[in-house]
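These notes are about the structure you will find just below.
There are 2 protein chains.
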Amino acid sequence: MSKVPAIRVLSVDDHPLLREGVATLINNEPDMTMVAEAASGLEAVQGFREHKPDVTLMDLRLPDMSGIDAMMAILREFPEARIVMLTTFEGDVEIQRALEAGARGYLLKSMPPSDLLDVIRQVHAGKKRIPPEVASQLAEHMGDELLTQREIEVLRAVADGNRNRDIAEKLFISEETVKVHIKHIMEKLHASDRTDAVAIGVRRGIIHL
Amino acid sequence: MSKVPAIRVLSVDDHPLLREGVATLINNEPDMTMVAEAASGLEAVQGFREHKPDVTLMDLRLPDMSGIDAMMAILREFPEARIVMLTTFEGDVEIQRALEAGARGYLLKSMPPSDLLDVIRQVHAGKKRIPPEVASQLAEHMGDELLTQREIEVLRAVADGNRNRDIAEKLFISEETVKVHIKHIMEKLHASDRTDAVAIGVRRGIIHL
DNA sequence: AAGACAATCACCCGAAAGAAGTATTTAAAG
DNA sequence: CTTTAAATACTTCTTTCGGGTGATTGTCTT
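These protein sequences, in sequence, are chains A and B. The working numbering applies: residue 52 is where the first sequence begins, and numbers increase by one. The working numbering applies: residue 52 is where the second sequence begins, and numbers increase by one.
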């Protein structure tokens, strides 16, 4: 019989226990093997360089940089890298950003391990896999306009408790312009006021507290 | 030589991979054994009734109820239960509530597994263990006055994007009273306005989005 | 070149929010 | 039985916010 080489996996997560769980799961599968672990974005890039895993499982929030940034760093160097996000539920914007940046899959830590194995195999075979829970969350806000970079800056400043006048000073624009930005933000997010806008922005992963 | 009975552990977390990691870690220790797992608060209570574990590891956010509520439910029935919170970082208020409600320890998922084992042994021996990272976070807001239940209700309503008038209607009080509550909230949280109050409330674990 | 969009600024106006003070009622704590 | 704390309510005053309308500039796309 012909022996197929095992799928070599890299796990990136700042929770040792989670990595341990992934390692146990992976190494119990005959056709998979865990080749490395990383607890931060930098470690992830180094680990990828060193081991060239077939599939990388990447958490979204890491101590040094976001998982998306870490993924982009890897993809710049290895465009054919197969990376799957594995995270607790985040807003639809995070999901979208991850997929646009080149993630081959998006898994939730609450999913059954069998789904995880399934997606790893599919991604290794060159496919993309987005589970229905994630896809439907994504579809929820399909038509919605995205905030511009400037609007996100303003929203962050609002979330920090700044008045319009303070935001104007910090961004070197007039208070009137700030108001226009906030008006657009509230329209795009369907928010009733600035506080609601911040809450929605956080829920959807547009900003972080 | 006398054989000491192993420490029997129950793990409560809605992430299967995390539970798997805990199980692997525990079962690799000669003096510990994993007797059950639970993915929700209800399962946790049932699992405790059935197995009477020596130490219970409990996540803070579960699908059906908060980990603190689940812990309180268990403690009502078994006051001598030894429960340790094991979670990602939450606000100081969550930590305080957990400890006041009877948690014997508070661990972060980002800590090294050896710390976890250490705390389990200490708690099993009847001690309480709060790691320094957690303790210092707790000390940060030691002098601060806590929000009253009513104030938390109002803050939740603010976070939902309600105007003062709407809050007044929903809580069956006058708009003036709502203003007084919000003034007190902002003073206690050192917030510059209602939006800041919501942001701080979320960061400190007083409310959730 | 035309059109679309993002970012900028201005002026007006009414609605809301926030600051400060006073006061009553009830409930808990001493 | 006081004292304290929480929740309630009202008045006055100032500041801030948010809606509407309109305009300019630069960039990018078609």
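For glycine and all other residues, C-beta sits at the position ideal for the given N, C-alpha and C.
Residue i - DSSP class collapsed to helix/strand/coil
| i | result |
| --- | --- |
| Glu101 of chain B | helix |
| Ile261 of chain A | Here chain A covers residues 52 to 260 and nothing more, so residue 261 of chain A does not appear. |
| Ala154 of chain B | coil |
| Met116 of chain B | coil |
| Val108 of chain A | Contrary to the premise, residue 108 of chain A reads as Leu rather than Val in this sequence. Strand at Leu108 of chain A. |
| Arg255 of chain A | coil |
| Ile224 of chain B | coil |
| Ala190 of chain B | helix |
| Glu141 of chain B | coil |
| Met122 of chain B | helix |
| Arg59 of chain A | strand |
| Thr48 of chain B | No answer is possible for residue 48 of chain B: it lies beyond the span of chain B, which begins at 52 and ends at 260. |
| Leu198 of chain B | coil |
| Arg180 of chain A | strand |
| Arg206 of chain B | With the sequence shown as reference, residue 206 of chain B is identified as Leu, and Arg is not the correct amino acid for it. Leu206 of chain B falls in the helix class under three-state DSSP. |
| Ala74 of chain B | helix |
| Leu260 of chain B | coil |
| Ala242 of chain B | coil |
| Ala89 of chain B | strand |
Closest residue to residue i among the options (Cα-Cα distance)
| i | options | result |
| --- | --- | --- |
| Val135 of chain A | A:Pro114, A:Leu158, A:Met116, A:Ile125 | A:Leu158 |
| Leu222 of chain B | B:Ile203, B:Ser91, B:Asn79 | B:Ile203 |
| Met162 of chain B | A:Ile224, A:Leu240, A:Pro114 | A:Pro114 |
| Thr139 of chain B | B:Ala121, B:Asp120, B:Leu108 | B:Leu108 |
| Thr199 of chain A | A:Leu189, A:Glu227, A:Ser225, A:Val231 | A:Val231 |
| Asp169 of chain A | A:Arg70, A:Ile77, A:Val63 | A:Ile77 |
| Val63 of chain A | A:Ile218, A:Asp166, A:Gly92, A:Lys160 | A:Gly92 |
| Val96 of chain A | A:Glu80, A:Leu137, A:Arg127, A:Val229 | A:Arg127 |
| Phe129 of chain B | B:Glu101, B:Glu141, B:Ser117, B:Leu111 | B:Glu101 |
| Pro208 of chain A | A:Leu260, A:Glu94, A:Ala186 | The sequence given here has Ala at residue 208 of chain A, not Pro. Closest option to Ala208 of chain A, Cα to Cα, is A:Leu260. |
| Gly156 of chain A | A:Ala124, A:Asp110, A:Arg201, A:Gly194 | A:Asp110 |
| Glu184 of chain A | A:Asp166, A:Met116, A:Arg201 | A:Asp166 |
| Arg180 of chain B | B:Leu137, B:Gly194, B:Gly98, B:Leu68 | B:Leu137 |
| Lys160 of chain A | A:Gly72, A:Glu131, A:Glu226, A:Met116 | A:Gly72 |
7 Å Cβ shell around residue i - same chain, five flanking residues per side excluded
| i | result |
| --- | --- |
| His175 of chain B | Ile58, Asp105, Val106, Arg133 |
| Arg148 of chain A | Ile119 |
| Glu196 of chain B | Lys239 |
| Glu145 of chain A | Leu111, Gly256 |
| Ile224 of chain B | none |
| Arg201 of chain A | His232 |
| Gly98 of chain B | Leu61, Ala87, Ala89 |
| Leu150 of chain A | Tyr157 |
Own chain, CB closer than 6 Å to residue i, minus 5 neighbours either side, in chain order
| i | result |
| --- | --- |
| Asp65 of chain A | Ala90, Leu113, Pro114 |
| Leu206 of chain A | Ile236, Gly252, Ile258 |
| Glu88 of chain B | Ser62, Arg70 |
| Gly153 of chain B | Leu126 |
| Ile171 of chain A | Val106 |
| Ala121 of chain A | Gly92, Ala95 |
Beta-carbon contacts of residue i that lie in its chain and below 8 Å, excluding the five residues immediately before and after
| i | result |
| --- | --- |
| Asp143 of chain B | Gln188, Leu189, Glu191, His192, Arg255, Gly256 |
| Thr228 of chain B | Ala219 |
| Val55 of chain B | Asp82 |
| Ala74 of chain A | Ser62, Met85, Glu88 |
Give a yes or no on contact between the segment 203-222 of chain B and the segment 227-247 of chain A, applying the rule of three or more CB pairs nearer than 8 Å. yes
Can you pull out the residues from the segment 224-251 of chain A whose beta carbon lies closer than 9 Å to at least one beta carbon of chain B? Ala242, Ser243, Asp244, Arg245, Thr246, Asp247, Ala248, Val249, Ala250, Ile251
Meets three-Cβ-pair contact criterion under 8 Å: the segment 84-99 of chain B and the segment 167-182 of chain B: no
Proximal residues, the segment 150-162 of chain A versus chain B, C-beta separation under 7 Å: Lys160, Ser161
Can you list, in chain order, the residues of the segment 65-99 of chain A whose Cβ is nearer than 9 Å to any Cβ on chain B? Asp65, His66, Pro67, Leu68, Leu69, Arg70, Glu71, Gly72, Val73, Ala74, Thr75, Leu76, Ala90
With 9 Å as the C-beta to C-beta threshold (strictly closer), list the residues of the segment 199-216 of chain B near chain A in chain order. Val209, Ala210, Asp211, Gly212, Asn213, Arg214
What residues in the segment 167-188 of chain A have a beta carbon less than 7 Å from any beta carbon of chain B? none
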